[in-house]
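Novice: Protein chains in written order, with the numbering used here: chain A, 1 to 435; chain B, 1001 to 1435. Glycine included, every Cβ here is placed at the ideal spot set by N, Cα and C. It should be emphasised that the depicted structure is a prediction, and the values quoted were computed from it without experimental measurement. Let me begin by handing over the structure; questions about it come next.
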């Protein structure tokens, strides 16, 4: 059988990795796929660099529309990043009856519903293993490996930059700004790190996993997105003393009244496997009714790890390119006419545990005030830690709560901050036992 | 579309789990698969129990051949266990143009080549996610998720019974026999635990993963199989002091001259994620050239975790039942005409590091003798630990070596045991850094 023909849109880090791995392992890949996979065309802004990278083995153009319109391309691999141009290119590729592979989580989190509907109508595939957790085959696990299950929750460390920063803050007792600067110097964080450190990238990935886990449309606009830039070294240390690690988790969970969809710093018991995922690594923990807990771990970014997922998708598409679309795995795991309209819950309606740090004037009766306010709000306390004064008569009181509704905590915090003995804002970090 | 019809051979632990999960989650499964999956027929030794379990919803027979011959069955799920009867039933199901799903690692490790060849000829599928690591979708990850990669090694904790025993031995400082007895009482070990504790079960699973990882036939007869029944509490403690945990690992690795295929107790650095997989859990660590390290973790046994994988296979088969066989994933990951004949290495040719414990009369010069013997054999030492005497003038000397060939260690051990100052046999446990 003739090789299937692939057009690359973009040949930056992931594109170059895809080209190199496809070339280096072409023999093994052909032995698996039963058919060659050949990059015939590349669109790049820097034509010279692209020509050098590809060694003259494929046509290099600067107009990506030439690739999506080319009869010499069966599968378009979109690796440009961003939203609008990729959206236009992907939709045009689909309109041209081409299959699409993309690593672009932002694109899918925002325009996935439109893109999958178009692909469905045309009977082509849009594959996106590389969009979540880099080289870890978590999309395949959720979409195919766990089809027997009612999935209860997905919780993931799905942004390597922030996990690297948190690991360094904990290991070295440094503050966020210092570690971010180091991470930028080491290439672990971008010059403009906003999307990573503010949780946006993690929320894109979580949105995609949520859709697949629960059979709902992608709904990035409903996600709660909170990063690590406000996290203080003190809280990492206090958490440690209480037996927890702080990770930036993306969490999506089936609750009684809807779906939780939230990214925020989270305390996790230090003994959990996922609490020990360090540096730039990713891990996703899935809870499901039949299988229980499963965890998937690996490199969440980088040239060849991400290329590994791009190429796995290329092999899948190569195999199934000619079959009846009904025989393929649906884009979002559930058949498109079988999606659920269960709502994403507002943050006030989620249920979790909390780490609360209150900075107080060390006065008689303040603990009684705090515990009374929590009791009034129906919040029970699991642990309390009172730390020595930081100069003067002030002290940190840390309370770990049992599970409660977020709105109860909002109300309690408002009352706590109104106490005269309380200084400044209450620090609130959510806590998941993941048991 | 009408439901696809499934016949169960056996309705013990996994069979009952499969029936229950299929029933409980039938709506979610149908929404994913696009078609119902219905158990129409069950073969069981205990007809009464089977009728009770299935609540009269399907035909129950005592002759499994009635199931594999029935026109009312599209997919046969083999859950009988053992070798000969399942082999006969599976081959007959294939001959009858039925697809097969099996959880039977022993069957595939021994008769896989014959079974897959028969299935290939008939154009039917044989799916076996449940045969390795229970509910963890490791077969899918290796076979589909990592198709871009040249896989370098697979190392797994793939037997829950032995991992439970090792966890208990370490936690409580107990010896093997005591913990085995407790495990039997708790139902974590069978009345005849031989297959588990002697590494046979792990070797069955490893044999299957090795075939998929490297594109070679299943070759259980070439596997090195070593269990934990000889493991002493002292060595678990010494390993701990040196920063290691002992796990029963199944390891298969691509070496320069062939493939390593071995199950044995193994020291692993305690800080590795896989070293912290405790109790009856399973985990598989895969090293591959593009993606680097990935790890897959979850329940390796039990009714519903294993059923989760059986049903995932049923969904896959349901989707692809009618497509051209060439469009499906090959049984052993590589196209059947593209298998490699690279040899499995004899144990003397493998390369790893070693923990050696020598029990000596505490005489002047014994350390010099030991280090000279290792140096003569070309083995360099990474660490030495000398422990206080255990009554009298005797002492344990523990040496950790750098990587070397097993035959060098065999030769050195022979010379060490011949020293007059050495008492009894040298304890040798292999060590993997898994870095």
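Start and end of the alpha helix (DSSP H) containing residue 1310 of chain B?
Specialist: Within the second chain, residue 1310 of chain B is the residue found at index 310, counting from 1. Where residue 1310 of chain B is concerned, the enclosing alpha helix (DSSP H) stretches over 1303-1320.
Novice: Of all the residues that make up the region 141-167 of chain A, which are near chain B by a beta-carbon distance shorter than 8 Å?
Specialist: 141, 144, 145, 146, 147, 148, 149, 150
Novice: Name the DSSP bridge partner or partners of residue 1386 of chain B?
Specialist: Within the second chain, residue 1386 of chain B is the residue found at index 386, counting from 1. B:1397, per the DSSP bridge assignment.
Novice: So, do the region 347-356 of chain A and the region 398-412 of chain A have three or more beta carbon pairs nearer to each other than 8 Å?
Specialist: yes
Novice: If you draw a straight line from the alpha carbon of residue 1293 of chain B to that of residue 1140 of chain B, how long is it in whole angstroms?
Specialist: Here residue 1293 of chain B refers to the residue found at position 293 of the second chain. Here residue 1140 of chain B refers to the residue found at position 140 of the second chain. Those two C-alpha atoms are separated by around 16 Å.
Novice: Just to confirm, are residue 1156 of chain B and residue 1079 of chain B a CB contact at a threshold of 7 Å?
Specialist: Translated into the one-based positions of the second chain, residue 1156 of chain B becomes position 156. Translated into the one-based positions of the second chain, residue 1079 of chain B becomes position 79. No, they are not a contact pair.
Novice: Beta-carbon separation of residue 1143 of chain B and residue 1212 of chain B under 7 Å?
Specialist: Within the second chain, residue 1143 of chain B is the residue found at index 143, counting from 1. Within the second chain, residue 1212 of chain B is the residue found at index 212, counting from 1. Contact: yes.
Novice: Note the first and the last residue of the continuous alpha helix (DSSP H) segment covering residue 1169 of chain B.
Specialist: For the purposes of this step, residue 1169 of chain B is taken as the residue at position 169 of the second chain. Its alpha helix (DSSP H) spans residues 1160-1172.
Novice: Strictly below 8 Å CB to CB, what residues from chain A border residue 1116 of chain B?
Specialist: In the second chain, residue 1116 of chain B corresponds to position 116, counting from 1. Neighbours of residue 1116 of chain B on chain A: none; closest Cβ ~15 Å, over 8 Å.
Novice: Quick check: the region 252-263 of chain A against the region 370-390 of chain A, are at least 3 beta-carbon pairs closer than 8 Å?
Specialist: No, the region 370-390 of chain A does not touch the region 252-263 of chain A.
Novice: Could you pull out every unbroken beta strand (DSSP E) segment of at least 3 residues lying fully inside the region 99-171 of chain A, listed in chain order?
Specialist: 99-102, 151-157
Novice: Quick test of the definition: if touching needs 3 or more C-beta pairs under 8 Å, does the region 159-171 of chain A touch the region 212-230 of chain A?
Specialist: Contact holds: three or more Cβ-Cβ distances are below 8 Å.
Novice: Should the region 1337-1350 of chain B be called in touch with the region 1361-1373 of chain B, which here means at least 3 C-beta pairs below 8 Å?
Specialist: no
Novice: Given this structure, state the Cα-to-Cα distance separating residue 58 of chain A from residue 42 of chain A, to the nearest angstrom.
Specialist: Taking the first chain and counting its residues from 1, one reaches residue 58 of chain A at position 58. Taking the first chain and counting its residues from 1, one reaches residue 42 of chain A at position 42. Roughly 7 Å between the two C-alpha positions.
Novice: So, does the CB of residue 97 of chain A fall closer than 7 Å to a CB anywhere in chain B?
Specialist: Within the first chain, residue 97 of chain A is the residue found at index 97, counting from 1. Judged by the 7 Å Cβ criterion, residue 97 of chain A is not in contact with chain B.
Novice: Taking the Cβ atom as the reference point for each residue, do residue 1333 of chain B and residue 1149 of chain B lie within a distance shorter than 7 Å?
Specialist: Here residue 1333 of chain B refers to the residue found at position 333 of the second chain. Here residue 1149 of chain B refers to the residue found at position 149 of the second chain. Contact: no.
Novice: Could you check the C-alpha separation between residue 436 of chain A and residue 7 of chain A for me, to the nearest Å?
Specialist: For chain A, the structure presents residues 1 to 435; residue 436 of chain A sits outside this window and is missing.
Novice: Looking at the structure shown, is residue 1078 of chain B part of a helix, part of a strand, or coil, going by DSSP?
Specialist: Position 78 of the second chain, counted from the start, is the residue given in the question as residue 1078 of chain B. Correct three-state label for residue 1078 of chain B: strand.
Novice: Provide the residue span of the alpha helix (DSSP H) that contains residue 85 of chain A, from first to last.
Specialist: Along the first chain, read from residue 1 onward, the residue named residue 85 of chain A stands at position 85. Looking at the DSSP string, the run of the alpha helix (DSSP H) that includes residue 85 of chain A is 84-95.
Novice: I want to verify the contact list: residues of chain B whose CB lies under 7 Å from the CB of residue 31 of chain A, in sequence order.
Specialist: Within the first chain, residue 31 of chain A is the residue found at index 31, counting from 1. What residue 31 of chain A touches in chain B: 1215, 1334, 1335, 1338.
Novice: Taking 7 Å as the threshold (C-beta atoms), are residue 239 of chain A and residue 267 of chain A in contact?
Specialist: Residue numbering aside, residue 267 of chain A sits at position 267 when the first chain is read from its first letter. Residue numbering aside, residue 239 of chain A sits at position 239 when the first chain is read from its first letter. A contact, by the Cβ cut-off of 7 Å.
Novice: Where DSSP assigns a beta bridge to residue 41 of chain A, which residues make up the other side?
Specialist: To locate residue 41 of chain A, count along the first chain from 1; it is residue 41. Residue 41 of chain A pairs with A:7, A:59.
Novice: CB residue 1291 of chain B to CB residue 378 of chain A, shorter than 7 Å?
Specialist: Along the second chain, read from residue 1 onward, the residue named residue 1291 of chain B stands at position 291. Along the first chain, read from residue 1 onward, the residue named residue 378 of chain A stands at position 378. Result no, Cβ atoms of residue 1291 of chain B and residue 378 of chain A do not sit closer than 7 Å.
Novice: Using the Cβ count rule (16 or more neighbours within 10 Å means buried), how would you classify residue 1025 of chain B?
Specialist: For the purposes of this step, residue 1025 of chain B is taken as the residue at position 25 of the second chain. Taking all protein chains in view, the Cβ of residue 1025 of chain B is crowded by 16 or more other Cβ atoms within 10 Å, so the residue is classified as buried.
Novice: Going by CA-CA distance only, name the one from A:206, A:316, A:231 that's closest to residue 220 of chain A.
Specialist: Mapped onto the first chain, residue 220 of chain A falls at position 220. Per the Cα distances, A:206.
Novice: Chain B beta carbons: is any one of them nearer than 7 Å to that of residue 58 of chain A?
Specialist: On the first chain, residue 58 of chain A is found 58 positions in, with the first residue counted as 1. By this cut-off, residue 58 of chain A is not an interface position.
Novice: How many angstroms separate the CA atom of residue 1216 of chain B from the CA atom of residue 1070 of chain B?
Specialist: As a first step, residue 1216 of chain B must be located in the second chain, where it is residue number 216. As a first step, residue 1070 of chain B must be located in the second chain, where it is residue number 70. Using only the alpha carbons, I get a separation of about 34 Å.
Novice: With 8 Å as the C-beta to C-beta threshold (strictly closer), list the residues of the region 1284-1300 of chain B near chain A in chain order.
Specialist: Contact residues of the region 1284-1300 of chain B toward chain A are 1288, 1289, 1290, 1291, 1292, 1293, 1294, 1295, 1296, 1297, 1298, 1299 (C-beta to C-beta distance below 8 Å).
Novice: Please determine if the region 1082-1093 of chain B and the region 1020-1037 of chain B are in contact, where contact requires at least 3 C-beta pairs separated by less than 8 Å.
Specialist: no
Novice: Going by beta carbon distance, what residues of the same chain come within less than 7 Å of residue 1424 of chain B, once the five residues before and after it are set aside?
Specialist: Here the question's residue 1424 of chain B lines up with position 424 in the second chain. Result list for residue 1424 of chain B: 1359, in chain order.
Novice: Looking only at its own chain, which residues have a Cβ that is under 7 Å from the Cβ of residue 1383 of chain B, when we skip the five neighbours before and after it?
Specialist: To locate residue 1383 of chain B, count along the second chain from 1; it is residue 383. Around residue 1383 of chain B: 1242, 1400.
Novice: Give every residue of the same chain whose Cβ lies closer than 6 Å to the Cβ of residue 1298 of chain B, excluding the five residues on either side of it in the sequence, and list them in chain order.
Specialist: In the second chain, counting from the first residue as 1, residue 1298 of chain B sits at position 298. Within the same chain, residue 1298 of chain B has close Cβ partners 1135, 1136.
Novice: Going by beta-carbon coordinates alone, are residue 1189 of chain B and residue 1158 of chain B separated by less than 7 Å?
Specialist: As a working mapping, residue 1189 of chain B is identified with position 189 in the second chain. As a working mapping, residue 1158 of chain B is identified with position 158 in the second chain. No.
Novice: Following the continuous beta strand (DSSP E) through residue 1293 of chain B, name the residue where it begins and the one where it ends.
Specialist: Translated into the one-based positions of the second chain, residue 1293 of chain B becomes position 293. Bounds of the beta strand (DSSP E) holding residue 1293 of chain B are 1292-1299.
Novice: The beta strand (DSSP E) with residue 1277 of chain B in it runs from where to where?
Specialist: The residue labelled residue 1277 of chain B in the question sits at position 277 within the second chain. No beta strand (DSSP E) contains residue 1277 of chain B, which DSSP labels as neither H nor E.
Novice: Classify residue 345 of chain A as helix, strand or coil using the three-state DSSP reduction.
Specialist: Walking along the first chain from the start, residue 345 of chain A turns up at place 345. Coil.
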